[in-house]
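Every position in the sequence shown, counted from 1, becomes a number in the numbering used here once 22 is added.
Glycine included, every Cβ here is placed at the ideal spot set by N, Cα and C.
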Amino acid sequence: MFNDRPAPKGTLSLQLAFRVSPPAVQRCAEQLKAKGVKLVYEVTDQPWGHRTVFFRDPDRNVIEIFAEI
Numbered sequence: 023m024f025n026d027r028p029a030p031k032g033t034l035s036l037q038l039a040f041r042v043s044p045p046a047v048q049r050c051a052e053q054l055k056a057k058g059v060k061l062v063y064e065v066t067d068q069p070w071g072h073r074t075v076f077f078r079d080p081d082r083n084v085i086e087i088f089a090e091i
């Protein structure tokens, strides 16, 4: 899903997700951008009933903030 850079050989991928309220997803995205964090994917309402935003931490792990909608 996030093929912007290949993982080094012998490593595993990790995705960490935080559940928040639906309005908080947008607020989190705005706060992240205000701090200079580049979003991998902007706030999106997914067909499976989640509102999501994705970004990477300094170690390049994918972090998801989501809400059930």
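Separation of the CB atoms of Val62 and Phe40 is rounded to 15 Å, and the pair is thereby denied contact status at 8 Å. Counting the other CB atoms within 10 Å of its CB gives Ala56 a total below 16, which places it among the exposed residues. In the three-state scheme derived from DSSP, where H, G and I count as helix and E and B as strand, Arg49 is classed as helix. Going by DSSP, Asp67 is part of the beta strand (DSSP E) stretching over Leu61 to Asp67.
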